[in-house]
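Read through the structure below, which is laid out as structure tokens, and then see the notes.
4 protein chains.
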Amino acid sequence: TNQLTIAGRTFNSRLMTGTGKYPTIETMQQSVIASGCEIVTVAVRRVQTKAPGHEGLAEALDWNKIWMLPNTAGCQTAEEAIRVARLGREMAKLLGQEDNNFVKLEVIPDAKYLLPDPIGTLEAAEQLVKEGFAVLPYINADPLLAKRLEEIGCATVMPLGSPIGSGQGIKNAANIAIIIEEAKIPVVVDAGIGTPSEAAYAMELGADALLINSAIAMAQDPVAMARAMGLATEAGRLAYLSGRIPIKQYAAASSPLTGTIK
Amino acid sequence: TNQLTIAGRTFNSRLMTGTGKYPTIETMQQSVIASGCEIVTVAVRRVQTKAPGHEGLAEALDWNKIWMLPNTAGCQTAEEAIRVARLGREMAKLLGQEDNNFVKLEVIPDAKYLLPDPIGTLEAAEQLVKEGFAVLPYINADPLLAKRLEEIGCATVMPLGSPIGSGQGIKNAANIAIIIEEAKIPVVVDAGIGTPSEAAYAMELGADALLINSAIAMAQDPVAMARAMGLATEAGRLAYLSGRIPIKQYAAASSPLTGTIK
Amino acid sequence: TNQLTIAGRTFNSRLMTGTGKYPTIETMQQSVIASGCEIVTVAVRRVQTKAPGHEGLAEALDWNKIWMLPNTAGCQTAEEAIRVARLGREMAKLLGQEDNNFVKLEVIPDAKYLLPDPIGTLEAAEQLVKEGFAVLPYINADPLLAKRLEEIGCATVMPLGSPIGSGQGIKNAANIAIIIEEAKIPVVVDAGIGTPSEAAYAMELGADALLINSAIAMAQDPVAMARAMGLATEAGRLAYLSGRIPIKQYAAASSPLTGTIK
Amino acid sequence: TNQLTIAGRTFNSRLMTGTGKYPTIETMQQSVIASGCEIVTVAVRRVQTKAPGHEGLAEALDWNKIWMLPNTAGCQTAEEAIRVARLGREMAKLLGQEDNNFVKLEVIPDAKYLLPDPIGTLEAAEQLVKEGFAVLPYINADPLLAKRLEEIGCATVMPLGSPIGSGQGIKNAANIAIIIEEAKIPVVVDAGIGTPSEAAYAMELGADALLINSAIAMAQDPVAMARAMGLATEAGRLAYLSGRIPIKQYAAASSPLTGTIK
């Protein structure tokens with residue numbers, strides 16, 4: 004089988020999505036289904052503050068089938084992120100996921116590029132691991148930082164392809180490839196993917212999973228794009244397992260001719 | 004519906020594959036099925052000479068479901084290609100496709116890069132159109148040549164992504180995008196695609212279809228790669244129709260926070 | 004020595020520039036000097052019609068030092084281009100270049116992308132070679148067309164990097180590299196270069212020379228950009244001759260340490 | 004004027020080179036001169052251990068003209084790097100540079116990719132700044148880490164283009180561009196550059212300077228490549244200041260024709 008396992012829990016899809024930025028809650032529901040995903044990340048702060056589009060989240064998705072991944076979006080320091088992570092665990096319980104100790108850790112002091120703080124992220128991760136969380140930290144694609152986070156017990160690392168919501172694609176493939184090569188925990192590429200080709204490419208590099216939100220939620224047709232991203236994630240995984248042809252400088256005929264008709 | 008129509012004939016898949024280069028005929032059969040394709044190209048000369056792997060082609064595929072696209076691989080001049088195209092029409096009749104007038108036109112004097120001759124291709128295309136063929140010419144991605152071929156009545160143009168079998172991917176996307184923008188006939192990207200991400204990318208550019216052979220047949224697991232290519236072609240098409248997010252220089256939060264918990 | 008020879012004539016710079024699009028004639032004069040170029044292309048039609056900025060061309064440059072390369076810009080057919088090429092020869096004589104039989108051949112029916120017509124270019128080239136011209140044809144980067152033009156006696160081929168004035172850079176490096184590999188005549192990359200890095204890159208690929216106009220003339224500081232392009236052309240040529248380091252997947256220390264201080 | 008100022012000291016070249024990896028000491032001497040550089044980095048540990056090629060360093064270069072930049076290559080921890088930095092200061096004094104407090108800080112626990120440790124680098128930088136060093140830290144291209152290092156008082160940041168000696172070029176341009184946009188201290192792109200086009204590209208992005216060693220020292224002709232790198236650095240800087248043309252999707256004629264000759 005070809006399943007994704009994170010912190011001992013197994014999933015049938017390697018695509019994770021989100022709940023934010025959709026035009027309507029119905030579009031969000033249909034998109035989540037169309038994507039085939041089994042993990043959906045939720046901004047804890049947004050739910051707590053009953054921000055628009057997050058009032059009926061408990062009823063909006065089938066939390067028996069979808070694993071909730073609380074995230075600490077909006078936290079600028081390690082302290083904030085730790086506090087919000089704890090709230091996330093309570094939120095998961097309210098949704099009936101008693102044993103859900105997952106947290107997508109975001110420590111983002113930068114409002115312009117929404118890039119994560121490596122030092123604050125490491126500090127918060129250390130504390131949250133101690134408290135028994137399965138920590139999925141959002142990081143810049145720094146192989147040494149990824150290694151450090153693995154060593155202190157994180158469940159995954161989530162390097163970014165390019166800034167959140169930018170749709171620039173995978174701008175640092177070389178570093179992501181090194182992270183994948185060195186990691187013993189799953190590597191989830193998060194942020195920046197804008198198209199299915201970019202999703203497939205990340206999977207072909209050997210990523211274990213992807214998290215895609217803006218590219219789906221803000222597409223002109225989110226439901227169709229969700230389906231496209233699901234297909235592309237699977238295509239990229241299959242290709243990674245199937246052994247691509249080597250790249251050659253010269254041509255090699257598809258239809259070699261051993262004889263000819265003169 | 005989202006079907007591909009070439010020369011008045013409609014197909015449910017936008018991926019075309021081939022019969023050459025597979026390790027066994029069984030692998031070829033399973034890969035064609037796994038890809039979901041409805042068009043398979045066959046090198047006429049190879050069949051005529053009963054080259055290895057092409058003896059039982061009549062029985063190998065279900066020609067009631069798969070449309071045969073004879074190709075003129077191995078022809079170095081317009082004259083040769085015209086002659087082989089006529090043989091291809093006879094071959095289609097033997098397979099029970101009485102009305103099959105398709106021909107994938109290849110005029111390739113160059114053995115190293117297998118790049119097509121624009122002058123010979125144009126000459127052969129003019130003659131074959133006069134003889135009633137639906138001509139699908141294999142060309143370098145030259146927008147003016149593509150326009151010329153459309154004007155003389157070709158059914159499609161088939162610009163190459165990179166040299167045949169090289170697996171280099173789409174190396175001339177700018178020109179292919181211009182061809183797509185200007186063409187009123189379907190544009191089929193042919194040759195060079197090595198991975199599903201490259202297949203999806205070509206479709207996202209707006210290509211109407213793809214022809215992929217080596218990347219499937221010579222993968223370590225051709226059947227799985229065939230499936231991956233089918234999924235990626237569909238994903239790319241869906242994305243093209245779904246309206247991707249714009250590319251931004253700066254970030255845009257997936258989970259905007261209008262309120263905060265202090 | 005490291006000189007450029009075209010049609011038996013030798014030059015000390017591998018950069019060619021133009022006269023169009025400059026804000027003032029003084030800027031043009033200074034930019035030509037700053038670039039270090041010895042070949043300047045001139046649109047014959049523009050001079051003939053005394054278009055703005057082209058009135059005083061005879062006096063504007065030192066035609067004892069600068070070789071004039073008449074071009075057939077604005078010609079949509081082979082016939083027009085042949086006629087304008089002949090006018091160009093007369094124009095060169097008026098400038099005192101009695102033996103100047105050079106012509107940059109442009110046959111461009113397409114107003115949007117200004118891409119050349121391969122068929123019309125080939126026809127015009129055949130005629131002009133017969134008439135004793137040193138023909139420098141502007142072409143899409145099609146290796147087979149380049150080969151054909153070489154066989155009929157052209158002095159160079161001038162493949163485009165991307166559409167004229169687009170500043171997109173070298174968008175078809177794979178095909179240009181094949182043209183360079185196969186050609187026995189000089190290969191001049193023409194059109195599309197926007198920055199010195201792109202100029203250097205084309206030279207590193209092995210191009211024999213570059214023609215750059217818009218990127219210089221329309222920069223905010225044309226004279227400084229002209230100097231930058233001259234330096235980059237030389238840097239790229241030097242690098243091509245100097246044997247670059249191989250690309251490695253892994254690191255290799257700049258400062259290997261055989262001993263350590265403990 | 005267009006000079007580079009680091010920690011209050013001004014230089015006339017924006018290219019820095021090294022002393023390692025050259026085939027002979029004479030080649031190193033000539034290459035340093037050909038490059039036009041005024042800063043040369045030296046591995047302190049290598050000099051201390053009198054490793055091959057580093058015996059006569061005091062006499063090899065004219066330390067009245069060349070500013071010595073001691074580096075901590077070979078240090079795996081903050082502690083080691085701090086110790087070696089102090090040795091570097093002594094070394095500079097022996098060369099007659101009494102007021103040279105520069106140190107290129109490398110903390111590299113990873114032997115395969117030679118990537119720097121962000122945490123250890125930050126720790127060492129904090130200590131060295133306290134001790135009065137002008138600290139030039141070698142870092143992965145992480146904008147938040149760069150900001151942190153600026154805040155604690157580093158003299159520059161030196162983000163890597165790709166792994167040391169790999170010649171892969173600038174693989175993370177998006178992050179480097181963000182670092183440049185946000186930094187108030189000079190940004191020096193260090194490691195990975197293989198060709199002049201890549202050097203020019205980094206400067207066009209707005210980098211203040213470059214450090215290039217392997218690509219020069221290990222080229223087949225180091226002296227010529229050194230000259231090429233010097234020219235390219237200057238070309239890239241000039242282009243950055245000159246205001247490049249915008250990138251357009253469509254063409255724009257170099258020689259617009261307002262009238263025609265019929």
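Residue numbers (the working numbering), protein chains in the order written: chain D, 4 to 265; chain U, 4 to 265; chain R, 4 to 265; chain V, 4 to 265. Here a beta-carbon is modelled for each residue, glycine too, at the ideal position from N, C-alpha and C.
Contact of aspartate 224(V) with chain R by beta-carbon distance below 9 Å involves Leu241, Leu244, Ser245, Gly246.
Of all C-beta pairs linking the region 17–24 of chain V to the region 34–43 of chain V, three or more are shorter than 8 Å, placing the two stretches in contact.
An exposed status is given to aspartate 65(R), since fewer than 16 other beta-carbon atoms sit within 10 Å of its beta-carbon. DSSP places lysine 150(D) within a helical segment (H, G or I) once states are collapsed to three. Annotation: the continuous beta strand (DSSP E) that includes glycine 21(U) extends over 18–21. When Pro121(R), Glu101(R), Ala186(R) are compared, the shortest CA-CA separation from leucine 147(U) is found for Pro121(R). Identification of chain V residues near aspartate 145(D) by a Cβ-Cβ cut-off of 7 Å yields Pro121, Asn143, Asp145, ordered along the chain. Per DSSP, the unbroken alpha helix (DSSP H) holding isoleucine 182(V) starts and ends at 176–185. The region 185–205 of chain U makes no contact with the region 209–217 of chain D, as fewer than three CB pairs between them are under 8 Å.
Taking a C-beta distance under 8 Å as the contact criterion, arginine 92(D) and asparagine 74(D) do not qualify as a contact pair. Not one beta carbon of chain V lies nearer than 8 Å to the beta carbon of tyrosine 25(R). Contact annotation: valine 132(D) and glycine 156(D) have beta-carbon atoms nearer than 8 Å. For proline 121(U), the enclosing alpha helix (DSSP H) stretches over residues 121–133. 8 Å or more divides the Cβ of valine 110(U) from the Cβ of valine 138(U).
Note that the region 239–252 of chain V does not touch the region 222–231 of chain V; fewer than 3 beta-carbon pairs, one per stretch, sit closer than 8 Å. Contact between the region 199–209 of chain D and the region 201–208 of chain U is established, with three or more Cβ pairs separated by less than 8 Å. Under the DSSP assignment, proline 225(R) falls in the alpha helix (DSSP H) whose first and last residues are 225–245. Minimum Cα-Cα distance from isoleucine 183(V) among the listed residues Pro166(V), Asp145(V), Gly172(V), Lys174(V) corresponds to Asp145(V). Looking at the backbone, the Cα of arginine 247(R) and that of proline 199(V) are separated by about 10 Å. Every beta strand (DSSP E) stretch that sits fully inside the region 185–227 of chain D and reaches 3 residues is listed by chain position as 191–193, 212–214. Burial check for glutamine 223(U): the Cβ neighbour count within 10 Å stays below 16, so the residue is exposed. For valine 47(V), the enclosing alpha helix (DSSP H) starts and ends at 47–51. Take the alpha-carbon of leucine 72(U) and the one of isoleucine 9(U): they are about 12 Å apart. Distances from the CA of glutamate 154(U) to each of Glu185(U), Glu83(U), Ala180(U), Pro26(U) were compared; the closest alpha carbon is that of Glu185(U).
Looking at the backbone, the Cα of alanine 95(V) and that of leucine 163(V) are separated by about 25 Å. The residues Val47, in chain order, have a CB closer than 6 Å to that of leucine 90(U) in the same chain once the five nearest residues on each side in sequence are set aside. The Cβ atoms of alanine 128(R) and leucine 97(R) lie no closer than 8 Å to each other. In this structure, Thr80(U) is the residue among Ala176(U), Thr80(U), Val50(U), Val226(U) with its C-alpha nearest to the C-alpha of aspartate 113(U).
According to the DSSP assignment, threonine 30(U) belongs to the alpha helix (DSSP H) that extends over 28–38.
Collapsing the DSSP output to three states places valine 87(U) in a helix.
With contacts defined as CB atoms closer than 8 Å, proline 225(U) and threonine 30(U) qualify as a contacting pair. In the three-state reduction of the DSSP assignment, alanine 144(U) falls in the coil class. Put simply, the backbone Cα of glutamate 134(D) is about 15 Å away from that of glutamate 83(D). Boundaries of the alpha helix (DSSP H) around leucine 60(V): 60–63. Secondary structure at alanine 137(V): strand, using DSSP grouped into helix, strand and coil.
Contact between leucine 7(U) and alanine 212(U) holds, since their C-beta atoms are separated by about 5 Å, short of 8 Å.
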